[in-house]
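Below is one structure, written out as structure tokens, with a few remarks after it.
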């Protein structure tokens, strides 16, 4: 119903700042002036009406950006012009079709595998991680699977530094579950390992 900036981050070249705004269905773009310590409004990338953009990640090649839409449970793929700082939407794909909406659902977080071939998104309510393959040339996504997290309300998840494992935080189940990433297909394989953790909402790794 109103502007609601949910996340902020920079492009791979650290020249532009990006703010997915859930309330206006746009990713607002600012140019960074590092010497002056200032930002100026530069433009925006538009998501579908009512989508509710929440989080955003860049492809390792810097040519594409993936925006997770919380309300529509979808991902909008943007082609990115790094020199001009322009986002151009080229695809929107569902992380959870409406036919599967039985309880309150919302998308929470998104990750791009370091190899650039896989993209993952979390569905709260349905309590799954949606896996996709990414076209390295065109950037568009193809659905692979939705894997249950063996927990409840995955507000956050992350890939470990080796990118061989995915850890899913179940906020309401007080659990962190571990999945092996199939390096050929991008699919997720539950390891049978889950640990207790009180209300986990963010997983991050210490740099080596």
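In the working numbering, the protein residues as written are 5 to 212.
For each residue, glycine too, the CB sits at the ideal point set by N, CA and C.
From the options, residue whose alpha carbon lies closest to that of residue i
i, options, result
"residue 90", "203, 168, 15 and 177", "15"
"residue 3", "88, 146 and 188", "No answer is possible for residue 3: it lies beyond the span of the chain, which begins at 5 and ends at 212."
"residue 107", "41, 46 and 130", "130"
"residue 167", "65, 83, 124 and 84", "124"
"residue 72", "40, 156, 135 and 45", "135"
"residue 212", "164, 100 and 206", "164"
"residue 191", "157, 152, 203 and 198", "152"
"residue 93", "11, 57 and 113", "57"
Residue i versus residue j: straight-line alpha-carbon distance, rounded
i, j, result
"residue 43", "residue 60", "19 Å"
"residue 37", "residue 19", "8 Å"
"residue 201", "residue 209", "16 Å"
"residue 180", "residue 162", "11 Å"
"residue 50", "residue 74", "14 Å"
"residue 175", "residue 148", "25 Å"
"residue 53", "residue 25", "12 Å"
"residue 119", "residue 29", "29 Å"
"residue 6", "residue 33", "18 Å"
Reduced DSSP category for residue i - H, G, I as helix; E, B as strand; rest coil
i, result
"residue 71", "strand"
"residue 103", "helix"
"residue 95", "strand"
Which residues DSSP lists as bridging residue i, in chain order
i, result
"residue 152", "132"
"residue 32", "23 and 48"
"residue 126", "133"
"residue 115", "124"
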